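Residue numbers (this note's numbering): 23 to 560.
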């Protein structure tokens, strides 16, 4: 078979594509806009992509930009904006702003600095790393705000070493088991081999530090500075920018401008509408949505003293109805052309024993938690009301295949105190931080309720709800109850499981890999596995 391209053309193409003679190839041309435009142009021509590149892009450096401008502005084909991708790193943003960014569910992936592995005790130019919010710092509450945040960081920083020592005394290395060179699990004192001892010590120290930082993180305020890396497509970035531009917080507005500036370097055509006339209309709409919700809430909702709870299942359907929909969906794909509308009435005639047998059979097929249930298990939903501390929220917020709505941070609902704080003898210091934060929060919130959030500690209880289907519940519960998980969110996931089991005991069989036990050193087994991988690499 003769090649479509001449030898000189092949030489050129190999600079932009991984091969010139196969039907499957990678686009390796450096310009993002050309990659995206090629993909989009591909759908509007009968030419091969490499031929399109030679004919339309090679001699015209602006071809990609021109094509996107035409498609996005003239044709309104928003999906084309998903063809451009970028990676953005943001350093030194608050935990308020990073959560606003991470609220975006589709098209963006995030990696954020961990409060478990990294301590926030370092100073830069003599100052702790927390955000000096513009409106607060230009108000009469600036000194009180600084005093509160500095107190939090002082208490947090000076107790890292004592907390590590406390946990070491409570759970000494001598009582832990580690794998020796022969692959046996033995007590630390039985290891003998020097390399095994060093390895076990490394595992133990990493586990203890993570545990100490987990416990102390509740002292940190939401103003604590973090870092986040974002990978995403142009469409998602464009919407993120619109969200940030419409914010009433100056930090988020400025982040929008900075992110936009950097995206202009790589995928300018994909994000240009975020702040043009179309973007400004969307920004205005988003502001009106917030104001409308606020005004109706003020008019029709009456405040009550909140009961103390962690997780509460507030909405679900009957198990029979849920089973009927799920089984109908499970059988649909292999039903040989029978319409869903014909399957559902037949399933409704099944007895409970038959339904139970079918669900049990599908559950039995799962051999580990990475084997996701089929999509049929998405046919029923659960709405959970949650009142966890803000630290817990930060972990659960990572789950995006669900509906999550949250309120502003507040000090109104009290705070949680880890038992280790009391055991170490620093309960008074911990409470001093909480009470000082509440005092400053109450002062600022009268005029600036959104800005007041910056002073709220991670330990304060926070209101949000999650609506998720059973398939996603399987993923969340099994992932968040693994032994190495934070003790706080493990409790949340365990309570979710118990609620689903009580409501849908038959369907709950699909949640096979939930761990309902508690652990003192959650990270120990995980650190052992990491060490084993490290050894194999060396």
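By construction, the Cβ of each residue, glycine as well, lies at the ideal position given by its N, Cα and C atoms.
Since the model is a prediction, treat every value here as computed from it, not as a measurement.
Within 8 Å, strictly: CB atoms of residue i and residue j
| i | j | result |
| --- | --- | --- |
| residue 346 | residue 369 | yes |
| residue 195 | residue 233 | no |
| residue 106 | residue 289 | yes |
| residue 405 | residue 491 | no |
| residue 437 | residue 414 | no |
| residue 505 | residue 541 | yes |
| residue 515 | residue 498 | yes |
| residue 523 | residue 332 | no |
| residue 493 | residue 399 | yes |
| residue 365 | residue 357 | yes |
| residue 257 | residue 472 | no |
| residue 150 | residue 181 | no |
| residue 305 | residue 261 | no |
| residue 460 | residue 503 | no |
| residue 525 | residue 341 | yes |
| residue 70 | residue 26 | yes |
| residue 417 | residue 511 | yes |
| residue 143 | residue 178 | yes |
| residue 224 | residue 554 | no |
| residue 270 | residue 458 | no |
Outcome for residue i when other beta-carbon atoms lying within 10 angstroms are tallied against a minimum of 16
| i | result |
| --- | --- |
| residue 29 | exposed |
| residue 581 | The first residue shown for the chain is 23 and the last is 560, placing residue 581 beyond what the model contains. |
| residue 243 | buried |
| residue 569 | There is simply no residue 569 to check, as the chain begins at 23 and stops at 560 in what is shown. |
| residue 46 | exposed |
| residue 56 | buried |
| residue 23 | Any reading at residue 23 needs caution, since the residue's pLDDT is 46, under 50, leaving its predicted position unreliable; the model's value is listed next. Result: exposed. |
| residue 314 | exposed |
| residue 362 | exposed |
| residue 474 | buried |
| residue 214 | exposed |
| residue 245 | buried |
| residue 48 | exposed |
| residue 377 | buried |
| residue 303 | exposed |
| residue 447 | exposed |
For residue i: DSSP bridge partner residues
| i | result |
| --- | --- |
| residue 132 | 252 |
| residue 488 | 406, 426 |
| residue 146 | 149 |
| residue 108 | 254 |
| residue 411 | 483 |
| residue 208 | 200 |
| residue 246 | 152 |
| residue 116 | 247 |
| residue 333 | 408 |
| residue 437 | 482 |
| residue 39 | 49 |
Nearest residue (CA-CA) to residue i, options the options
| i | options | result |
| --- | --- | --- |
| residue 297 | 323, 527, 198, 259 | 259 |
| residue 440 | 399, 329, 401, 508 | 508 |
| residue 536 | 513, 546, 500 | 500 |
| residue 518 | 495, 539, 528 | 495 |
| residue 163 | 127, 463, 524 | 463 |
| residue 75 | 305, 110, 32, 127 | 32 |
| residue 337 | 489, 212, 376 | 489 |
| residue 110 | 326, 445, 254, 529 | 254 |
| residue 382 | 420, 529, 51 | 529 |
| residue 152 | 531, 534, 479 | 479 |
| residue 146 | 175, 426, 130, 453 | 175 |
| residue 548 | 228, 168, 212, 335 | 228 |
| residue 263 | 214, 124, 59 | 124 |
| residue 108 | 129, 27, 351 | 129 |
| residue 372 | 360, 350, 387 | 350 |
| residue 292 | 533, 58, 554 | 58 |
| residue 388 | 532, 205, 354, 422 | 532 |
| residue 556 | 311, 221, 317, 240 | 221 |
| residue 238 | 141, 458, 44 | 141 |
| Is the stretch 237-251 close to the stretch 133-153, with three or more CB pairs under 8 Å? | yes
| message | Contact between the stretch 191-208 and the stretch 155-162 is defined here as three or more beta-carbon pairs at a separation below 8 Å; is this criterion met? | response | no
| Between the stretch 472-488 and the stretch 405-420, are three or more C-beta pairs nearer than 8 Å? | yes
| Pairing CB atoms from the stretch 380-395 with CB atoms from the stretch 462-469, are three or more of them under 8 Å? | no
| query | Do three or more CB pairs link the stretch 221-238 to the stretch 111-126 at distances below 8 Å? | reply | no
| query | Taking three-plus beta-carbon pairs below 8 Å as touching, is the stretch 441-448 in contact with the stretch 168-187? | reply | yes
| query | If you pair each beta-carbon of the stretch 199-214 with each one of the stretch 269-276, do three or more pairs fall below 8 Å? | reply | no
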